[in-house]
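Working notes for the structure below.
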Amino acid sequence: MSLVIGENISKFYQDKLVIEESSFQINQEEKIGLIGANGVGKTTLLKLISKEIKPEEGEIKRRKNLDIGYLVQEINLDPEKTIHEEGLQAFDELLLIREKMNNLTKMMGEDKASLEKTINEYGKLEEEFENKGGYTYEVRLKAALIGMGFKRSDFGKLVEHLSGGEKSRLAYVKLLLKEPDLLLLDEPTNHLDIEATEWLENYLANYKGAMVLVSHDRYFLDKTVEKIWELEQGRLRHYQGNYTHYLEQKEKRTKEEEKRYKLQKREISRQEEFIRKNIAGQKTKQAQSRRKMLQKMKRVPRSQKEEKIAIRFSCQVRGGNEVLQVSHLSKSFAGKPLFEGLSFELQRGDRWGIVGPNGTGKTTLLKIIMGEEPGNGQIKIGRGIKLGYYDQHLAELNPQNSILEEVWLANPKMEREKLRSFLGKLLFTKEDVFGFIEDLSGGEQARVLLAKLMLARVNLLILDEPTNHLDINSRRIMEEALLEYDGSILVVSHDRYFLDKIVKRILYFGRDSEVKMYSGNYSYFFEKRKRDFLEKKKREFLEKKRGSKKHLEGKVKEGIASSLRSSQ
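Under UniProt numbering, the residues of the sequence shown are numbered 1 to 568, in order.
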């Protein structure tokens, strides 16, 4: 059954046609991934589906009484409520039924005359309460809050004290627990660490409703969706399967379209040559007929190549083999240790990934290495080693500078025209370069910071969530650039696909000051952690079983001894 049908939809955004004559259909329980470059109109399409905005042309039909769940940019949470109280609002219908049941319970003791009627009414409400999950909503709420990265000790925290990311996570918890017929999710993993991302992945994979999901997380798309919509140059294209299948189908489709275009072009050239030779000769009628045929011929459009950024990192000097040495490093926050006695060495060419839950000290470690924060212990930078830092919050950029001024700081000796040409490779063309940093989107600011890193030509890249503001194509280009880079890399990331492709070692920051090293990429680390966890649980079970057996044997011996004493 169709939930939403869009027919020949066109929509402008700030005088730009972002969606052109596109059609789509969302069926019951269908899970769709919506992808495309930054700024192509993905969020606009979600707003069209949700009725937040209307199309200029075309029609969108929705099933009667369709319940659509969409998290708008202005998150509406009560600042005076706790996290737990706000989460309960997802079950307002159940809470109302429970209140009615409580009122009926009171009436049973007060109004004996209508007792039978009250009992019957209570029974109907209780059945509805049970069918709608009334006896499990507390458990589901706690599981969702913990899954999305909140600790039990956070449940009593007031909403007004939460960060923007925490408020976003809480709003998503409420949205998911309401279980609408159609979920519209716009980059839901943005504020999540890997553990929360994997929890959400499993939740959505088992979600019973339909879903349209905007995401740049390739593993996330692979595990949650069964169809891909790609918004490209205003047109919506449909592909069956997850993200990996989409890549295969798109490559095949692009080759077929290019082949059809070239065949038609060759045929047009052949016909035009015939017309040119015969228009004034004996075959003039044939030539005129063919000219009319060409005029009526529907042209096969050529697949337009999407503009892509060009990224290349290089080292000005090779540097020594010993790049970075961290010795007995400790750091606390608000009296609680983040990590203690941390020691490791980074050699030339090493590529390390740092992962772990939010708030465990990953970014703090990078800032200590960069000299931006104090720490107890020793940091030794190798001879000839020059560091370049990518800050996930883009705080390194001066909002008052133009793009040109900001990037020039990385290489003041570079000629103006060369710099403008260089910026063009990062899609800052013509007058774009005079735009101010404060007026740029997150993705554009990320490109400015990447430009500065490229010009700095450092031999140790310290990267904090470098893929956060990049679309999928830009992430792929960055991965290729980092694989070709001759220097060393220390990177904090929640992008599992990126980590699998780039890093050779994982430094895991766990809760309770745990820091552990794993040789291998993210997938190896994940499987190793899973095996270690299962082994630990198995040992605990066997120890408990042995303990129970010894306890039982002791009780039996004690019983036998007691019986012998009694018989004597």
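The beta-carbon is built from N, C-alpha and C at its ideal position, and this holds for glycine as well. Treat the numbers as computed from the prediction; the structure is a model and nothing was measured.
At a cut-off of 3 residues, the continuous stretches assigned as beta strand (DSSP E) that sit fully inside the segment 196 to 229 are 210 to 214.
The shortest CA-to-CA distance from S519 to any of L534, S513, K536, L499 is the one to L499.
Cβ contact annotation for L17 (same chain, cutoff 8 Å, sequence separation greater than five): S10, K11, G234, in chain order. Excluding its 5 nearest sequence neighbours in each direction, N468 has C-beta neighbours in its own chain below 7 Å: Q392, listed in chain order.
Per DSSP, the unbroken beta strand (DSSP E) holding Q378 starts and ends at 376 to 381. Judged by pairs of C-beta atoms under 8 Å, the segment 81 to 92 touches the segment 169 to 176, as three or more such pairs exist. V72 has its alpha-carbon roughly 21 Å from the corresponding atom of Y203.
With respect to the 8 Å criterion, S493 and V323 are not classified as neighbours on the basis of their beta carbons.
The beta carbon of M370 sits closer than 7 Å to those of L387, Y389, I462, all from its chain and outside the five residues before and after it, given in chain order. With fewer than 16 other Cβ atoms inside 10 Å of its own Cβ, T429 counts as exposed. Sequence-distant partners of E57 (beyond 5 residues in either direction) whose C-beta falls short of 6 Å from its own C-beta, in its chain, are S10. The residues I83, in chain order, have a CB closer than 7 Å to that of D154 in the same chain once the five nearest residues on each side in sequence are set aside. Burial check for A210: the Cβ neighbour count within 10 Å reaches 16 or more, so the residue is buried. Membership of L170 in the alpha helix (DSSP H) is indicated by the continuous run 164 to 178.
Per DSSP, F428 lies in no beta strand (DSSP E) segment and is marked neither H nor E. L185 is positioned such that its CB atom lies no closer than 8 Å to that of L192. Boundaries of the alpha helix (DSSP H) harbouring L88: 83 to 88, taken from the DSSP string.
At a cut-off of 4 residues, the continuous stretches assigned as alpha helix (DSSP H) that sit fully inside the segment 414 to 496 are 416 to 424, 442 to 456, 472 to 484. Within the segment 52 to 76, complete beta strand (DSSP E) segments of at least 3 residues are found at 57 to 62, 68 to 70, given in chain order. According to DSSP, L182 shares a beta bridge with I68, A210. Counting C-beta atoms within 10 angstroms of its own C-beta, P55 has 16 or more neighbours from the protein chains shown and is therefore classed as buried. Boundaries of the beta strand (DSSP E) harbouring S23: 16 to 27, taken from the DSSP string. In this structure, L449 places its C-beta atom within 8 Å of the C-beta atom of E396. When the beta-carbon positions are compared, L236 and S22 come within less than 8 Å of each other. Excluding its 5 nearest sequence neighbours in each direction, R457 has C-beta neighbours in its own chain below 7 Å: S314, C315, Q316, listed in chain order. Under the three-state reduction of DSSP, M1 is assigned to coil, being neither helix nor strand. Inter-residue distance for Y239 and I228 is about 5 Å (C-alpha atoms, whole angstroms).
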